[in-house]
Every structure is written in C-alpha cells, then in structure tokens.
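What follows is one structure encoded as structure tokens, with my remarks underneath.
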Amino acid sequence: MNTNLQLQFQKLLSKNNYRCTEERRVLFSTLKNQSNPCTIQELVTATSGSLDPATVYRNVELFEKLNVVHRVYTGWKYKVELSDDFRDHHHHMTCTNCSTITSFEESSTLLNEFKKLESQNNFKMTSHSLELTGLCQNCC
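Going left to right, the sequence shown walks through residues 258 to 397 as the numbering used here numbers them.
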C-alpha cells in the first residue's frame with residue numbers, strides 16, 4: 258500500500274479518536290486494491306480468512322462516517338469505494354441492465370465546460386460528481 262495513503266488513513270483515525278487496528282488496515286488495503294466500486298458482500302469475500310463479516314460491515318460504516326469511503330448508488334442499491342481523499346477524482350458509468358460500474362476521468366474539455374458554466378452563472382464550484390447511466394457493451 259502507498260505509504261503516504263496509509264499514513265493519511267492512520268492520522269485520520271487518530272484525529273477522530275479511533276485506533277488503527279490490523280482489521281482496519283486490511284479493509285483499507287482491500288479497498289485500495291479495488292479497481293471499481295464493490296458491494297459490502299464483495300468486500301467480505303475479498304477479506305475472508307482475515308476478517309469476519311461483522312467486522313467488515315462495522316468498519317465500512319465507520320469509514321463512511323469518516324469519509325474514507327463513499328457510496329455509489331446503482332438504483333436503490335449501492336457499492337462503496339475510497340473517497341477522493343484517498344484516490345484520484347473520477348466519475349462512473351453504470352449499466353442499468355447488469356449494474357456494472359465503470360470508472361472514468363473527465364477530460365480537460367469537460368473541465369473547461371464546467372469553468373464556462375461557473376462564469377456564466379456567477380458560481381464558484383467547490384466539487385462535482387458526474388454519474389452516467391445506460392447500457393454497457395455486454396448489454397447493448
């Protein structure tokens with residue numbers, strides 16, 4: 258795991274009066290290694306043998322509270338992934354048929370369009386999120 262991210266994670270826990278337990282380190286590392294958002298059940302499976310399901314659920318709840326992870330909704334269900342504090346900013350495309358989520362980064366052209374919108378509307382953007390829904394290549 259990236260040492261800087263691990264240190265940042267440990268400092269966040271400490272600042273909020275939580276210990277950086279081995280279980281929390283394992284879960285954080287597992288999340289860091291995920292290329293796309295995952296369900297809590299997928300995290301339970303990925304950490305089986307080292308973490309029990311209750312520990313995963315409890316710590317995902319804590320991670321949400323501390324903004325270590327955030328939810329990515331697929332209809333009324335959701336998946337979780339590390340927040341922008343712990344990974345590069347990106348967006349998602351979600352297949353409405355199979356619920357596959359694909360991450361993507363915005364282009365400089367799109368960022369320029371956001372800046373135009375800011376200027377046209379006398380608005381100061383502090384963050385943004387872009388979620389696209391449609392059909393993936395397997396469901397088209």
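Yeah, the Cβ is synthetic: ideal placement off N, Cα and C, and Gly gets one too.
If you run the structure through DSSP and keep just helix, strand and coil, what is residue i?
| i | result |
| --- | --- |
| Phe-361 | strand |
| Arg-281 | helix |
| Val-325 | coil |
| Thr-390 | strand |
| Lys-381 | coil |
| Tyr-275 | coil |
| Thr-331 | strand |
| Leu-367 | helix |
If you draw a straight line from the C-alpha of residue i to the C-alpha of residue j, how long is it?
| i | j | result |
| --- | --- | --- |
| Ser-307 | Gln-394 | 35 Å |
| Thr-278 | Asn-293 | 25 Å |
| Thr-357 | Lys-272 | 36 Å |
| Arg-282 | Gln-377 | 45 Å |
| Phe-380 | Tyr-330 | 27 Å |
| Thr-359 | Glu-388 | 10 Å |
| Leu-368 | Asp-309 | 42 Å |
Which residues in the same chain as residue i place their Cβ atom closer than 8 Å to its Cβ, once the five residues preceding and following it in sequence are excluded?
| i | result |
| --- | --- |
| Arg-328 | Glu-321, Tyr-335, Lys-336, Val-337 |
| Thr-304 | Val-283, Leu-284, Thr-287, Val-313 |
Just to confirm, is the Cβ distance from residue i to residue j under 7 Å?
| i | j | result |
| --- | --- | --- |
| Thr-260 | Glu-280 | no |
| Leu-269 | Leu-339 | no |
| Thr-390 | Thr-351 | yes |
| Leu-284 | Asn-324 | no |
| Leu-392 | Asn-354 | yes |
| Leu-262 | Phe-371 | no |
Give me, in chain order, the residues of the same chain whose beta-carbon lies closer than 6 Å to that of residue i; leave out the 5 immediate sequence neighbours on both sides.
| i | result |
| --- | --- |
| Glu-362 | His-347 |
| Gly-332 | none |
Spatial neighbours of residue i within its chain, please: C-beta separation below 7 Å, excluding the five flanking residues on both sides.
| i | result |
| --- | --- |
| Met-382 | Phe-371, Glu-375 |
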